[in-house]
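This report concerns only the one structure given below.
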Amino acid sequence: MVRPIATTRSASGVPTGRLAVWWLIASEIVIFGGLLVCYLLHRLGHPEWATYASHTNTWAGAFNTFVLLTSSLSAVLAHKAAEEGNGAKAANLLLVTCGGALTFLVVKAFEWTYEIQHGFTITANGFWAFYYTAAGLHGLHVIAGAIIMLIVAADARKGKELQRVELIGIYWHFVDLVWIFLFPLLYIAK
Amino acid sequence: MSAPSPHSHEHHPDAHGGAHATNYVKIWAILLVLLAVSLIGPELGIRTVTLLTAFGIAVVKAYMVAKYFMHLNIERRFVVQLLVVCLGLMTLFFLATAPDVMKHWGMNWRNESAKNANIPEAVHHEAGAEAGHEAAPAGHEAAPAAHEAAPAAHGAGE
């Protein structure tokens, strides 16, 4: 069987697949960075946004931070298991990470439902527009990561393409990193 | 730099196996302690403490995740440089646009729309004081009048 280039070549000293993930993350830094810089600029220019931010649920945000940090732990432990050639363990740990993703999304869904029911919609004002855009874009990344993780876990269980466990892990840690900054910006600074 | 792993499987010529001596559970526990501190800090109600515990600790948490979970400590240097350049571009974006977005007037320009859109009273006074301190060009003489008109725009969408 012909193996994909990403698994057989390492022209830069970094396996091509992993290099691609780093490039993806570099582009994501610019995307999320641009969004967060815009938010920061407007937040500093509009002190009244602190009042709007006081309606976000800090404990829900904190719980989701806990969930993502824990899912990052299971992702890195999955990587370790893959390095040891234990595909089944890696697959199980990736499923735990997916469970974290699902928990995160369920909490977010409850949060958004409550907020929208109380009139805090995306069109309410600038703060809520940024809140839904930033958290929504992050949520899409959580969904994408979970779907990819399920595919990688299915292969890993069969002992196939174990290097991909590390690749999805790096991506997942980045998703965690973005939330680490979103949490104080949207939930703590009031 | 990347260290070849003694456990690397065949598809992984530059695996991060050497990183796995790290006690990941310990790193996770430290991250949770930092999360707790970032929640307790703002409860004190001191602005400096809030900024340090919320944003300072976010930076520390991000550093730990990047270093120990993403294994940037053993990754090739050019990968780290690539990410740092992107962070630098983000900073450049902030610094280049901040003067326009965060102020309402400068030596030779005024941003009336930003000034009139949803500015609370506290900022009115502050902005007015700022205008008074500046050796304002002739064009700034009209600024206080524009300020008084601003409340009409309150409540308008941003």
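In order, the protein sequence lines correspond to chains A and B.
Everything in the first sequence is counted per numbering that gives the first Met the number 0, starting at 0 for the first residue and increasing by one.
Everything in the second sequence is counted per numbering that gives the first Met the number 0, starting at 0 for the first residue and increasing by one.
Beta carbons: idealized from backbone N, C-alpha and C, even for Gly.
In this text the structure is predicted, and so the values were computed from the model without any measurement.
So PHE93 (chain B) packs on VAL75 (chain A), CB below 8 Å; how close in whole Å? Contact flag wrong, Cβ pair sits at about 31 Å.
Am I right that HIS54 (chain A) and GLY168 (chain A) are in contact with their C-beta atoms under 8 Å? What's the rounded C-beta distance? Contact flag wrong, Cβ pair sits at about 35 Å.
Own chain residues within Cβ distance below 6 Å of PHE129 (chain A), not counting five before or after: TYR38
Assign ALA19 (chain A) to one of two classes, buried (16 or more other C-beta atoms within 10 Å of its C-beta) or exposed (fewer than that). Exposed, because fewer than 16 other Cβ atoms sit within 10 Å of the Cβ of ALA19 (chain A).
Integer-rounded CB distance, given that LYS60 (chain B) should sit under 8 Å from ILE179 (chain A): 5 Å
Nearer than 6 Å: is that true of the beta carbon of VAL20 (chain A) relative to any heavy atom of the ligand GDP? The ligand GDP is not part of the structure shown, which contains no ligands of any sort.
Cutoff 7 Å: ILE167 (chain A) Cβ touching any chain B Cβ: no
So the alpha helix (DSSP H) LYS159 (chain A) belongs to, where does it begin and stop? Where LYS159 (chain A) is concerned, there is no enclosing alpha helix (DSSP H), given that its DSSP letter is neither H nor E.
Could you name the residues of the same chain whose beta carbon sits closer than 8 Å to that of VAL122 (chain B), not counting the 5 residues immediately before and after it, in chain order? Residue placement at VAL122 (chain B) cannot be trusted, given a pLDDT of 45 that sits under 50; the coordinates are not used to answer.
Please identify the residue among A:HIS137, A:PHE119 and A:ALA52 whose C-alpha is closest to the C-alpha of THR64 (chain A). A:HIS137
Inter-stretch contact (C-beta, 8 Å, three-pair minimum) for the stretch 82 to 99 of chain B and the stretch 12 to 28 of chain A: yes
Could you tell me which of A:TRP21, A:ILE187, A:GLY144 and A:ALA87 sits nearest to GLY158 (chain A), measuring between CA atoms? A:ALA87
Quick one: any contact between the stretch 27 to 47 of chain B and the stretch 87 to 98 of chain A, if contact means 3 or more CB pairs under 8 Å? no
Could you check where the alpha helix (DSSP H) with VAL79 (chain B) kicks off and where it finishes? 76 to 101
As a quick exercise: from A:LEU149, A:TYR131 and A:LYS189, pick the residue whose alpha carbon is nearest that of ALA89 (chain A). A:LEU149
Can a CB atom of chain A be found closer than 7 Å to the CB of MET63 (chain B)? no
Proximal residues, the stretch 144 to 175 of chain A versus chain B, C-beta separation under 8 Å: GLU160, LEU161, GLN162, GLU165, GLY168, ILE169, HIS172, PHE173 and ASP175
7 Å Cβ cut-off: residues of chain A touching ASP53 (chain B): Residue identity differs from the one stated: residue 53 (chain B) is Ala in this sequence, not Asp. Contact of ALA53 (chain B) with chain A by beta-carbon distance below 7 Å involves PRO183, ILE187 and ALA188.
Assuming LEU181 (chain A) contacts ALA133 (chain A) under a Cβ cut-off of 8 Å, what Cβ separation, rounded to an integer in Å, is found between them? 6 Å
Given a threshold of 16 other Cβ atoms within 10 Å of its Cβ, counted over all protein chains shown, does PHE77 (chain B) qualify as buried or as exposed? exposed
Using DSSP with H/G/I as helix, E/B as strand and the rest coil, what is TRP104 (chain B)? strand
Report yes if the CB atom of VAL151 (chain A) is closer than 7 Å to the CB atom of ARG163 (chain A), and no otherwise. yes
Compute the distance between the beta-carbons of VAL48 (chain B) and GLY40 (chain B), then report whether it is under 7 Å. yes
What is the DSSP secondary structure of ARG8 (chain A), reduced to helix, strand or coil? coil
Taking C-alpha atoms, which residue in A:PHE103, A:TRP127, A:HIS172 and A:LEU104 lies nearest to GLU114 (chain A)? Nearest C-alpha to GLU114 (chain A): A:TRP127.
Select from the stretch 63 to 86 of chain A all residues with a C-beta closer than 9 Å to any C-beta belonging to chain B, and list them in chain order. THR64, PHE65, LEU68, THR69, SER71, LEU72, ALA74, VAL75, LEU76, HIS78, LYS79, ALA81, GLU82, GLU83 and GLY84
For chain A, check one thing: does any of its Cβ atoms lie closer than 7 Å to the Cβ of ARG75 (chain B)? Cβ-Cβ to chain A under 7 Å: yes for ARG75 (chain B).
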